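Asks: This is the structure, below, for whatever I ask next.
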């Protein structure tokens, strides 16, 4: 079965990729399976300089997901280009580099550096991280700021720019339309929802940061609703994510309007999750009467999508 997908600037052998922040830079997962099997790899966020992240504890398990407040820990864009990208360049798998920052200037600096780096096929502009005091979600909750930052990054990027949207807004469609009008090449959605879990002995939050981003199965219905809402108003390619752990979840995202799907938290409980989904996808599509990924797109009648026919 043909699983190939052609998005703006991205030729994917299948629509499955690990979400940024849930796969590191691929080294640990390479020990479990061949990363050539993935449609793409979304690497961990890069900032202008190294960040240690938030104080610990910064991860807590919930009844149906996970709270995290890592705080964009990363070694900095220069170190990522020098020490991490060469490892990934050995694979015939597009690299989508996640761009973060505290100011517009930092975002532009990181985007310029990464878009020039060998092997980077696209950028994911992170305007939705809920766990940092400056930057991240502050750009993703205001349409004007989201538009201005997207325009600034597009002006320096040599590769397509996909903008990662936050669900922590009253109108995600307005943000999606703002980045579309600013020239974004695609959208990735959704990031985590802001949540809190308390220690029953102390009454205090379990996370040192107080709040964290909720991910996992609990947020999938929210993600599906938002992908469907954005698809009805925006023509850009959408890479959907949020609680994906099985091939049926992927089919649901594609039916909602996504063109490709990223797997996040499930990688922590099952390192083979992406591979298992890719292996199961042909039989799953066949079971529900679809001949290919392209068939889903055509039968759902969505706009502005280009799926390879090879």
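Numbering (the UniProt record's numbering), first residue to last: 1 to 310.
C-beta atoms are modelled at their ideal positions from N, C-alpha and C, and glycine is treated no differently.
Since the structure is predicted, the reported quantities are computational estimates derived from the model, not experimental observations.
1) Apply the 10 Å Cβ neighbour rule to residue 290 and answer buried if 16 or more other Cβ atoms are within range, or exposed otherwise.
2) For residue 261, which three-state DSSP category applies?
3) Among the candidates 116, 91, 250, whose CA atom is the shortest distance from the CA of residue 157?
4) Can at least three beta-carbon pairs, one atom from the region 270-278 and one from the region 24-34, be found at a separation below 8 Å?
5) Nearest to residue 189 by alpha carbon, out of 296, 254, 83, 6?
6) Spatial neighbours of residue 280 within its chain, please: C-beta separation below 8 Å, excluding the five flanking residues on both sides.
7) From 65, 110, 91, 52, pick the residue whose C-alpha is nearest to that of residue 78; which is it?
8) Name the residue from 10, 15, 8 whose alpha carbon lies nearest to the alpha carbon of residue 294.
9) Let's test the definition: count the other Cβ atoms within 10 Å of the Cβ of residue 180 and tell me whether it reaches 16, buried, or not, exposed.
10) Quick check on the DSSP output: the alpha helix (DSSP H) that includes residue 278 runs from which residue to which?
11) In whole angstroms, what separates the C-alpha of residue 45 from that of residue 299?
12) Between the Cα of residue 146 and those of 183, 208, 80, 288, spot the shortest distance and give me the residue it belongs to.
13) Between which two residues does the beta strand (DSSP E) harbouring residue 269 extend?
14) What's the C-alpha gap between residue 238 and residue 119?
15) So is residue 283 buried or exposed if we call it buried at 16+ other beta carbons inside 10 Å?
16) Could you say which of 153, 84, 62 lies nearest to residue 103 if we only look at CA atoms?
17) Please name the residue, chosen from 121, 207, 82, that lies closest to residue 40 on a Cα-to-Cα basis.
18) Counting only C-beta atoms, is residue 261 closer than 8 Å to chain C at any point?
19) Buried or exposed, going by whether 16 or more other CB atoms sit within 10 Å of the CB of residue 235?
20) Alpha carbon to alpha carbon, how far is residue 197 from residue 217? Give it in angstroms, no decimals.
21) State yes or no: is the C-beta of residue 84 within less than 8 Å of the C-beta of residue 48?
22) Would the beta-carbon of residue 139 fall within 8 Å of that of residue 149?
23) Flag this pair as yes or no: are the beta carbons of residue 94 and residue 12 separated by less than 8 Å?
24) If you pair each beta-carbon of the region 196-210 with each one of the region 168-179, do three or more pairs fall below 8 Å?
25) On the CB-based measure, 16 or more other CB atoms within 10 Å of its CB, does residue 170 come out buried or exposed?
26) Around the C-beta of residue 36, are 16 or more other C-beta atoms found within 10 angstroms, so that it is buried, or is it exposed?
27) Please check the pair residue 100 and residue 114, which I expect to be a contact at CB under 8 Å, by giving their CB distance rounded to whole angstroms.
28) Judging by CA-CA distance, which residue of 54, 53, 68 is the nearest neighbour of residue 60?
29) In angstroms with no decimal places, state the Cα-to-Cα distance between residue 90 and residue 267.
30) When the Cα of residue 71 is compared with those of 56, 64, 65, which residue comes out closest?
31) Using 10 angstroms around the beta-carbon of residue 58, count the other beta-carbons present and answer buried if the total reaches 16, otherwise exposed.
32) Within a Cβ cutoff of 6 Å, which residues of the same chain sit near residue 303, ignoring the five residues on either side of it in sequence?
Replies: Judging by the given coordinates:
1) buried
2) strand
3) 116
4) Using a C-beta cut-off of 8 Å, the region 270-278 makes contact with the region 24-34, since at least three inter-stretch Cβ pairs fall below that distance.
5) 254
6) 246, 247
7) Among 65, 110, 91, 52, the Cα nearest to that of residue 78 is on 110.
8) Residue 294 has its Cα closest to that of 15, out of 10, 15, 8.
9) By the neighbour-count rule (16 or more Cβ atoms within 10 Å), residue 180 is buried.
10) 273-287
11) 35 Å
12) The option with the nearest alpha carbon to residue 146 is 183.
13) Element bounds for residue 269: not the beta strand (DSSP E) but the alpha helix (DSSP H), 266-269.
14) 22 Å
15) exposed
16) 153
17) 121
18) The question asks about chain C, but that chain is absent: this structure has only one protein chain.
19) exposed
20) 17 Å
21) Contact flag unset, no.
22) yes
23) For the pair residue 94 and residue 12, the CB atoms are nearer than the 8 Å cut-off.
24) no
25) exposed
26) exposed
27) Actually they are not in contact, since the Cβ atoms of residue 100 and residue 114 sit about 11 Å apart, beyond 8 Å.
28) 68
29) 22 Å
30) The residue with the shortest Cα to Cα distance from residue 71 is 56.
31) Looking at its Cβ environment, which holds 16 or more other Cβ atoms inside 10 Å, residue 58 is buried.
32) Annotation note: pLDDT 47 at residue 303 (below 50); position unreliable, no value reported.
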